[in-house]
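So the structure is just underneath, and the comments pick up after that.
There are 2 protein chains.
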Amino acid sequence: MGNDLTYAVLGTGALGGYYGGMLARGGRRVCFQVRTGFEEVRKQGLVVESCDGDFTLPRAEIHADTSSMPKADVVLVCLKTTANHLLKEMLKPILKEGTLVILVQNGLLFEEELSSELPGVPIAGASAFICSFKVAPGHIKHCDFGHISFALLKNSEAASSLLEKVKEDFIACGVEASVEADLPTLRWRKLVWNIPYNGMTVVMDTSTDKLMQNPESRKLIKDLMLETQQGAAACGVMIENEFIEKMLTYTDSMVPYAPSMKLDYDAKRPMEIKGIYSNPLKAAINGGADLKKIRMLEQQLYFKQSEYLK
Amino acid sequence: MGNDLTYAVLGTGALGGYYGGMLARGGRRVCFQVRTGFEEVRKQGLVVESCDGDFTLPRAEIHADTSSMPKADVVLVCLKTTANHLLKEMLKPILKEGTLVILVQNGLLFEEELSSELPGVPIAGASAFICSFKVAPGHIKHCDFGHISFALLKNSEAASSLLEKVKEDFIACGVEASVEADLPTLRWRKLVWNIPYNGMTVVMDTSTDKLMQNPESRKLIKDLMLETQQGAAACGVMIENEFIEKMLTYTDSMVPYAPSMKLDYDAKRPMEIKGIYSNPLKAAINGGADLKKIRMLEQQLYFKQSEYLK
Numbered sequence: 075m076g077n078d079l080t081y082a083v084l085g086t087g088a089l090g091g092y093y094g095g096m097l098a099r100g101g102r103r104v105c106f107q108v109r110t111g112f113e114e115v116r117k118q119g120l121v122v123e124s125c126d127g128d129f130t131l132p133r134a135e136i137h138a139d140t141s142s143m144p145k146a147d148v149v150l151v152c153l154k155t156t157a158n159h160l161l162k163e164m165l166k167p168i169l170k171e172g173t174l175v176i177l178v179q180n181g182l183l184f185e186e187e188l189s190s191e192l193p194g195v196p197i198a199g200a201s202a203f204i205c206s207f208k209v210a211p212g213h214i215k216h217c218d219f220g221h222i223s224f225a226l227l228k229n230s231e232a233a234s235s236l237l238e239k240v241k242e243d244f245i246a247c248g249v250e251a252s253v254e255a256d257l258p259t260l261r262w263r264k265l266v267w268n269i270p271y272n273g274m275t276v277v278m279d280t281s282t283d284k285l286m287q288n289p290e291s292r293k294l295i296k297d298l299m300l301e302t303q304q305g306a307a308a309c310g311v312m313i314e315n316e317f318i319e320k321m322l323t324y325t326d327s328m329v330p331y332a333p334s335m336k337l338d339y340d341a342k343r344p345m346e347i348k349g350i351y352s353n354p355l356k357a358a359i360n361g362g363a364d365l366k367k368i369r370m371l372e373q374q375l376y377f378k379q380s381e382y383l384k
Numbered sequence: 075m076g077n078d079l080t081y082a083v084l085g086t087g088a089l090g091g092y093y094g095g096m097l098a099r100g101g102r103r104v105c106f107q108v109r110t111g112f113e114e115v116r117k118q119g120l121v122v123e124s125c126d127g128d129f130t131l132p133r134a135e136i137h138a139d140t141s142s143m144p145k146a147d148v149v150l151v152c153l154k155t156t157a158n159h160l161l162k163e164m165l166k167p168i169l170k171e172g173t174l175v176i177l178v179q180n181g182l183l184f185e186e187e188l189s190s191e192l193p194g195v196p197i198a199g200a201s202a203f204i205c206s207f208k209v210a211p212g213h214i215k216h217c218d219f220g221h222i223s224f225a226l227l228k229n230s231e232a233a234s235s236l237l238e239k240v241k242e243d244f245i246a247c248g249v250e251a252s253v254e255a256d257l258p259t260l261r262w263r264k265l266v267w268n269i270p271y272n273g274m275t276v277v278m279d280t281s282t283d284k285l286m287q288n289p290e291s292r293k294l295i296k297d298l299m300l301e302t303q304q305g306a307a308a309c310g311v312m313i314e315n316e317f318i319e320k321m322l323t324y325t326d327s328m329v330p331y332a333p334s335m336k337l338d339y340d341a342k343r344p345m346e347i348k349g350i351y352s353n354p355l356k357a358a359i360n361g362g363a364d365l366k367k368i369r370m371l372e373q374q375l376y377f378k379q380s381e382y383l384k
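Protein sequence lines, in the order shown, are assigned to chains F and G.
Numbering-wise, this note's numbering comes out as the position in the first sequence, counting from 1, plus 74.
Numbering-wise, this note's numbering comes out as the position in the second sequence, counting from 1, plus 74.
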């Protein structure tokens, strides 16, 4: 019955609710931190409506904040990166010697930033290829896909062995999971999808399928992917052309979809512009690549955000 | 009392209504072609609400199409360029030997296109720095500025002398006017304003003042101007950096303004993407300049237009 690891999930939304829910359903000990609607979720439990079968966890361990949570072997950080300035303080009560902190988040350089705040703590990144969203507090809808990939920021024997056990737990609980050798590769490959679709659905106020149907916007989506490939190369990460074609085909096959940034925009929440645009642009510039179309998208997104966030 | 030139105005909107109206008020013979609301305009005449003083022309010569119009010495083409495929046929009834056709339009290469359809006809371009719009058929509101600059596509003694007389007529009728030596220079200088503001007000769904207030969008506006400068250079047209600063300052001083493309977009009319984006991009590529942000704006505009035009 698995590795007996204890998990803490920070942020019980589209990702934390689904992956934490799958682990808990599979018998792992999981504590969930729920910010919005804590009382309600504690009463009703966690509900996951999934394309692979719905389930409810009436007795999920729900906490309003980390101060009441036990120390964990593994922390899955599933918060929006716009809350990452709070992360160090949130983590303190639940860290013990060797706790592995996994950022199940979008965007570049957050593992590096956290590591400089918490030196010595093993940190990994995770990239989720999944269509899911939060319907209401404690109520997650999972529409498609679900694979999760992990990679360590710094390799060590202890952290590698722990991450391997995490992967085994995910797989045993019904989630496709893998461990990748290189974190920048993991992050840049995800950006190939996130950079074009997140920003373009916001700026064009549309959904992925519409962008793919019009030949001009489809061309622009591909141009943005090719610039992402250039940025990755400037950071020493090679992304093959076939991967770009695969991402286009993958999106063609998706149900019409509003990426997380579009949901944030529609709800007038802060958008993850820093991790998905500003940090990659900074890294690319450092490597000598000037990504003009991605920079323009960043500029447009900051304008759009300024219309509702002061 | 002037040069006794007869004028035909094709399209009695923001530009044709204002400039034709000023000429007619000043005593020149002007025939107006009015497509939408012809009956109404013939009854009520032409109304110009101007920041320099309102006036009405109850007896303006209004025609539904050119077939009933007398031949003209000068034709002011003030149609949207999206109607330019009709231009050759519209012009036929009103052209005589030496008639000067002036395209008071936005965008690049239309004079060249018309010249290849009507070889031997003298053609000029005109660029209007004006804030005006059509309130209703035959009812124009002029808010700011008004200068018009002319330039010939091909220089000839007869055409130059005629264009000089046109300029004198405009000035005598209260419009600031000038003749410039080089048509590509005239067109590219106007594009320095048109390329950033027309597209960006549509794609961001906003007005010029909002774009100038946010630092990121202001930077993008300037980036687009700098790319326009690059495109001009690739076509042999030098635009000085001071001109770009002047356009930014000019826009800061403007009343909050929706450029013509934004009005077209809001009214779900075809947008002048070809003249303001596609033709300049084509000319720049021919000269070896790849204008990535302008190309991205063109792609976004075609997407936006495809949402309402099938």
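Even for Gly, the Cβ is constructed at its ideal location relative to N, Cα and C.
Values in this document were obtained by computation on a predicted structure and should not be read as measured data.
Coarse secondary structure for residue i, derived from DSSP in three states
i             : result
residue 368/G : helix
residue 75/G  : Low confidence applies here, because residue 75/G scores a pLDDT of 46, under 50, leaving its location unreliable; read the following figure in that light. Of the three classes helix, strand and coil, the one that applies to residue 75/G here is coil, per DSSP.
residue 80/G  : strand
residue 313/F : coil
residue 149/G : strand
residue 282/G : helix
residue 240/F : helix
residue 275/G : helix
residue 177/G : strand
residue 103/F : strand
residue 245/G : helix
residue 114/G : helix
residue 171/F : coil
residue 343/F : coil
residue 266/F : helix
residue 331/G : coil
Counterpart residues of residue i in DSSP-defined beta bridges
i             : result
residue 222/G : 202/G and 251/G
residue 215/F : 123/F and 207/F
residue 129/F : 122/F
residue 137/F : 107/F
residue 197/G : 175/G
Contact with chain F by residue i, beta-carbon distance below 8 Å
i             : result
residue 376/G : yes
residue 268/G : no
residue 75/G  : Low confidence applies to residue 75/G: its pLDDT is 46, below 50, so where it sits in the model is not reliable, and the reading given next is rough at best. Not one chain F Cβ lies under 8 Å of residue 75/G.
residue 405/G : Since the first residue shown for chain G is 75 and the last is 384, residue 405/G is missing from the structure and cannot be characterised.
residue 367/G : yes
residue 123/G : no
residue 291/G : yes
residue 179/G : no
residue 272/G : no
residue 288/G : yes
residue 144/G : no
residue 373/G : yes
Min CB distance residue i to chain G below 8 Å
i             : result
residue 294/F : yes
residue 277/F : yes
residue 304/F : no
residue 316/F : no
residue 92/F  : no
residue 370/F : yes
residue 346/F : no
residue 353/F : no
residue 107/F : no
When the options are compared against residue i, the one with the closest alpha-carbon
i             : options                       : result
residue 229/F : 247/F, 256/F and 127/F        : 256/F
residue 152/F : 334/F, 365/F, 382/F and 141/F : 334/F
residue 367/G : 380/G, 351/G and 382/G        : 351/G
residue 325/G : 133/G, 275/G, 341/G and 311/G : 275/G
residue 338/G : 307/G, 192/G, 144/G and 277/G : 277/G
residue 262/F : 219/F, 85/F, 250/F and 317/F  : 317/F
residue 348/G : 127/G, 189/G and 182/G        : 182/G
residue 323/G : 307/G, 310/G and 282/G        : 282/G
residue 259/F : 249/F, 250/F, 226/F and 287/F : 226/F
How do the stretch 201-214 of chain G and the stretch 351-363 of chain F stand: do at least 3 beta-carbon pairs fall below 8 Å, yes or no? Touching, no, given that fewer than three Cβ pairs across the two stretches are closer than 8 Å.
Pair every Cβ in the stretch 294-305 of chain F with every Cβ in the stretch 259-271 of chain F, then say whether three or more of these pairs are closer than 8 Å. A contact exists between the stretch 294-305 of chain F and the stretch 259-271 of chain F.
Using 8 Å as the cut-off, can you tell me whether the stretch 266-286 of chain F makes contact with the stretch 237-249 of chain F, which would need three or more C-beta pairs spanning the two stretches below that distance? The way I'd put it, the stretch 266-286 of chain F doesn't touch the stretch 237-249 of chain F; fewer than three beta-carbon pairs between them come closer than 8 Å.
Count the CB pairs spanning the stretch 83-100 of chain G and the stretch 138-150 of chain G that are closer than 8 Å, and state whether there are at least three. Yes: at least three Cβ pairs fall under 8 Å.
contact_flag[the stretch 86-102 of chain G, the stretch 191-199 of chain G] where n(CB pairs < 8 Å) is 3 or more: By the Cβ criterion, the stretch 86-102 of chain G is not in contact with the stretch 191-199 of chain G, since fewer than three pairs of Cβ atoms, one from each stretch, lie closer than 8 Å.
Three CB pairs or more closer than 8 Å across the stretch 168-187 of chain F and the stretch 121-138 of chain F: As far as the Cβ criterion goes, the stretch 168-187 of chain F does not touch the stretch 121-138 of chain F, which means the pair count is below three.
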